[in-house]
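Structure first, commentary second.
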Amino acid sequence: MKVVGDGNVTFILLNGIALPSNVMLSDNVELQTADTSHLDFMTAISTCSRPEDVAVVAAFIPRITAQLRITASTPKELASVAWNASWEALLLSAFFQTEIGFNLQSDTPANKIGNGSRLRATNYYMHGLTNSTAHMLTTDESKWIASHFADGRELLENDRFQTAVHCLASYRWHSMPRIKLAVLWVGIEGIFGASSEIRFRISLYIARFLHPNSAAERQKIFDSVKKLYDSRSAAVHGAKVKSNIASAVEDSA
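To convert a position in the sequence shown, counted from 1, into my numbering, add 3.
Next up, the structure:
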């Protein structure tokens, strides 16, 4: 991801998520509402300083539904915080089971982008370029983010959690259901850390984690995870997946 530090404020434009009101994610990063409906095509591409950014701007500007407002005391610090903001987007993607694109950086907020603005592509991977409706956060979800996002951000220091977040946020980047299953189960297995009798142990660990106080619910989850693990194994090893593979992807996620 390539970002630029210039001044003490910058914006990473997002698609795939929308919200009723702004939410502070950290001291330096605020998740904000955003609107680019005022922009016509020619004005949008006039903001590009590099020819290679034109395609990214053209593809994503009509889809922008939110933005990260990033502040810092120096341009160098701003660039660092903005670069790390990709993890904010990945966390939000994982938390709310949506695919968030974060391909554009702007020197002005989305609703003020015009001929004098500068837009840059942060990356040229078209992740998040979907026709899916943006996930609209409810008021309760916004409150949850305000209360718990910092905890999730801190947990990213744990390799297992970081891997799981990236797997859950990125499995949609692949077109093949088999690969999606493989990616998801990398994250699941990493979180629970079973190294022997994996099918049995990981089913047991997940059941106990999700339903510590209900034996009946534990048994249901235990049985369903074993079946999902069978689907995962068949997918990874090239065998025929006996269950509906699309359902196995969704249930695993």
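Glycine is no exception: its CB is placed at the ideal position from the N, C-alpha and C atoms.
On a predicted model such as this, the values are computed, not experimentally measured, just so you know.
(request) Tell me, please, which residues DSSP counts as bridged to Gln-70. (result) According to DSSP, which records beta bridges pairwise, Gln-70 is partnered with Leu-16 and Gln-35.
(request) Would you kindly report the start and end of the unbroken beta strand (DSSP E) that includes Ser-109? (result) Where Ser-109 is concerned, the enclosing beta strand (DSSP E) starts and stops at 104 to 109.
(request) Please confirm whether Ala-75 and Asn-31 have their CB atoms less than 8 Å apart. (result) Yes; because the gap between Cβ atoms is below 8 Å, this pair is in contact.
(message) As an exercise, report each continuous beta strand (DSSP E) stretch of at least 3 residues that is fully enclosed by the region 81 to 137, in chain order.
(response) Runs found: 104 to 109 and 122 to 124.
(message) So the candidates are Tyr-128, Leu-107 and Ala-97; which of them puts its Cα closest to the Cα of Tyr-174?
(response) It is Ala-97.
(request) Determine the contact status of Leu-22 and Ala-69, defining contact as a CB-CB distance below 8 Å. (result) Taking 8 Å as the cut-off, the beta carbon of Leu-22 is found closer than this to the beta carbon of Ala-69.
(message) Tell me the DSSP secondary structure of Ala-219 in three-state form.
(response) In the displayed model, Ala-219 falls within a helix according to three-state DSSP.
(message) Would the region 98 to 106 count as touching the region 115 to 134 if we require 3 or more Cβ pairs under 8 Å?
(response) Yes, they touch.
(message) Within 8 Å of any Cβ in chain B, is that where the Cβ of Lys-146 sits?
(response) Looking for chain B here will not work: only one protein chain is present.
(request) Ignore the nearest five residues each way along the sequence and tell me which others in Val-59's own chain have a CB closer than 7 Å to its CB. (result) When the five nearest sequence neighbours on each side are left out, the beta carbons in the same chain lying within less than 7 Å of the beta carbon of Val-59 are those of Asn-106, Leu-107, Ala-124 and Tyr-127, in order along the chain.
(request) Assign Ala-21 to one of three DSSP states: helix, strand, or coil. (result) Shown here, Ala-21 sits in a strand according to DSSP, grouped into three states.
(request) Look at Arg-163 and Ile-194 and say whether their C-beta atoms are less than 8 Å apart. (result) Cβ distance < 8 Å, so Arg-163 and Ile-194 count as in contact.
(request) Would you give the residue range spanned by the alpha helix (DSSP H) that His-169 belongs to? (result) Per DSSP, His-169 belongs to the alpha helix (DSSP H) from 162 to 173.
(message) Please report the distance separating the alpha-carbon of Lys-79 from that of Val-189.
(response) Straight-line measurement puts the Cα of Val-189 at about 35 Å from the Cα of Lys-79.
(request) Starting from the Cα of Met-45, find the closest Cα among Glu-33, Ala-61 and Tyr-208 and give me that residue. (result) Selected option, being the one with the closest Cα: Ala-61.
(message) Can you give me the C-alpha to C-alpha distance between Leu-17 and Ile-67, rounded to a whole angstrom?
(response) Their backbone Cα atoms lie some 6 Å apart in a straight line.
(request) Using three-state DSSP, classify Met-179 as helix, strand or coil. (result) When DSSP states are grouped into helix, strand and coil, Met-179 belongs to the coil group.
(message) By the DSSP assignment, the alpha helix (DSSP H) with Asp-254 in it spans what residues?
(response) From DSSP, the alpha helix (DSSP H) with Asp-254 extends over 248 to 255.
(message) Below 7 Å, is the gap between the Cβ of Arg-53 and the nearest heavy atom of the ligand GDP?
(response) Questions concerning the ligand GDP fall outside what the structure shown contains, since it holds no ligand whatsoever.
(request) Please confirm if the region 134 to 143 is in contact with the region 203 to 217, defined as three or more CB-CB distances below 8 Å between the two stretches. (result) Result no; under three Cβ-Cβ pairs closer than 8 Å.
(request) State the Cα-Cα distance for the pair Trp-147 and Ser-227, rounded to the nearest angstrom. (result) Approximately 29 Å, taken between the alpha carbons.
(request) Verify whether the separation of the beta carbon atoms of Phe-14 and Arg-72 is less than 8 Å. (result) Yes, the pair counts as a contact, with Cβ atoms nearer than the cut-off.
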